[in-house]
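Note sheet for the following structure.
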Amino acid sequence: MFERYQRSEGALVDTLAEMYVQGVSTRKVKAITEELCGDAFSASSISAINKRLGESLKAFAERPLQEPFAYLILDARYEKVREAGIVSSQAVLTAVGIDWDGRRQILAVEMANRESRSAWKDFLVALKARGLKGVELVVSDDHAGLVAAIGEVIPEAAWQRCYVGLLRSLMIIFWPRSIVCLICRGCAARSRISIATTTAALE
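Numbering-wise, my numbering puts 55 at position 57 of the sequence shown, and it's gapless, one number per residue.
Written as structure tokens, this is what we have:
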């Protein structure tokens, strides 16, 4: 379709792949390309593009982790997923590693029926099988199953509750928000004087 303009073709293919990721049906993609280009990608062509995308994602998800990551950030969020015509809410488990130079890297993203101890354990075991090493601190929320899985799979690492999750809990417990701001100031304090000043204000 774009014999003389391979860059345009590449951009279109990338757009079609992104439409697939966003959940646009193959039929709708075919209609859109026909409207834009005067010609339609066949369903088999679109499927081939999606297959290539899937292969790239599989390679990314299974790549060996060669360098050590001192810090590991774990989190989960729920997204609506359509399978066999049925929409359900599933947990998206994610892991971000930070090396000793402060560089962040997405290590893994996986779907699970729900956030549970067994799901997190399988997730962490797979990370270690790919070469995860050197973890000294794991940061996450205080989900009981997640914390238990961390202690079982990465017992050598210290654990710290996610600061954002802590603040959300504080905002539920304390009111007005000015109190939460004072607590935040105390958490960020770097001297005894600052801590003492914040403590006095809370009292």
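Ideal Cβ positions, reconstructed from N, Cα and C, are used throughout, including at glycine.
Name the DSSP bridge partner or partners of residue 85? 80
Inspect the beta-carbon positions of residue 72 and residue 138 and report whether they are closer than 8 Å. yes
What is the rounded straight-line gap between the Cα of residue 88 and the Cα of residue 65? 31 Å
Residues bridged to residue 157 by DSSP? 136
To which residues of the same chain is residue 130 closer than 6 Å at the C-beta, ignoring the five residues directly before and after it? 63
Roughly how many angstroms lie between the CA atoms of residue 159 and residue 50, to the nearest whole one? 38 Å
Shortest alpha-carbon distance to residue 150 belongs to which of 132, 128, 118 and 104? 118
Residue nearest to residue 91 in terms of C-alpha spacing, selected from 141, 29, 52 and 25: 141
Could you spell out the range, first to last residue, of the alpha helix (DSSP H) harbouring residue 148? 142 to 151
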